[in-house]
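Report on one structure; see the data block that follows.
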């Protein structure tokens, strides 16, 4: 398997102070460089940049495993134990889930733990984990 390199993602937020609190304090992402218009964060080893814009994010949904998955969304695949610890941290912080943590495709190819929630600007995030990481791209 090829080594996966960190990705870079830039996305809109409508309030940098709320973004700084949510990504830095609630999610625990270290802050990198910033300006009055953007903030870099270390998002589980990947670089994300929150850019200040005036519009709200428009959400759509697609059905997946009896849930309405928000589109667009972004996130990362975590280790199984890290996912569950992180989910408990989010619950304790009062994060409102779009799709609460559960096991998707239970007993099927691609079985995974997953959860979805929104940042303060309405950007959808998905975190997932596999007991068998070989199921990540399984058909």
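In our numbering, the protein residues as written are 4 to 142.
A virtual CB, placed ideally from N, CA and C, is assigned to each residue, including glycine.
Near residue i, what residues of its chain come up, given a Cβ to Cβ distance below 6 Å and the 5 sequence neighbours on each side ignored?
| i | result |
| --- | --- |
| residue 55 | 19 and 40 |
| residue 107 | 68, 115 and 117 |
| residue 96 | 29 |
| residue 125 | 59 and 60 |
Per DSSP, which one or two residues make a beta bridge with residue i?
| i | result |
| --- | --- |
| residue 130 | 79 and 118 |
| residue 34 | 44 |
| residue 51 | 12 and 44 |
| residue 63 | 74 |
Report yes if the C-beta distance between residue i and residue j is below 8 Å; otherwise report no.
| i | j | result |
| --- | --- | --- |
| residue 73 | residue 101 | yes |
| residue 123 | residue 25 | yes |
| residue 120 | residue 98 | yes |
| residue 22 | residue 76 | no |
Short of 8 Å in beta carbon distance, which residues of its chain neighbour residue i, apart from the five on each side in sequence? Order them along the chain.
| i | result |
| --- | --- |
| residue 88 | none |
| residue 33 | 27, 44 and 45 |
Quick one: grab the DSSP three-state call for residue i.
| i | result |
| --- | --- |
| residue 136 | helix |
| residue 89 | helix |
| residue 103 | strand |
| residue 94 | helix |
| residue 22 | helix |
| residue 17 | coil |
Going along the chain, which residues of its own chain have a beta-carbon closer than 7 Å to the beta-carbon of residue i, five neighbours each way excluded?
| i | result |
| --- | --- |
| residue 57 | 17 |
| residue 48 | 9 |
| residue 113 | 138 and 141 |
| residue 13 | 52 and 54 |
Item checked: At least three beta-carbon pairs within less than 8 Å, the segment 27-44 to the segment 65-83 -> no
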